[in-house]
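A quick write-up on the structure given underneath.
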Amino acid sequence: MILDAQKISTISQLAVDAVNITGETVAITFGTSPVVLPVPLVTLVRELIAN
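Just add 1412 to the spot in the sequence shown (first one is 1) and you have my numbering.
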């Protein structure tokens, strides 16, 4: 849901540094607050960062 509230320009400009992977948890930081991603998105984000 939090991604729906973001402008496409904000999402497209996210850097790898905005993604925090800790064990099985993946979070993306928008501004100052990290948002923990749900399981389906975790797999996609991990694949995107790996490539």
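Note that the Cβ used here is the ideal one computed from N, Cα and C, for glycine as well.
Keep in mind that this is a model prediction, so the values were computed, not measured.
When the beta-carbon positions are compared, residue 1440 and residue 1426 come within less than 8 Å of each other.
Under the three-state reduction of DSSP, residue 1450 is assigned to coil, being neither helix nor strand. Burial state of residue 1447 is exposed, judged by a 10 Å Cβ sphere holding fewer than 16 other Cβ atoms. Straight through space, the alpha carbons of residue 1445 and residue 1433 are spaced by roughly 15 Å.
When secondary structure is reduced to three states using DSSP, residue 1455 falls in the helix class.
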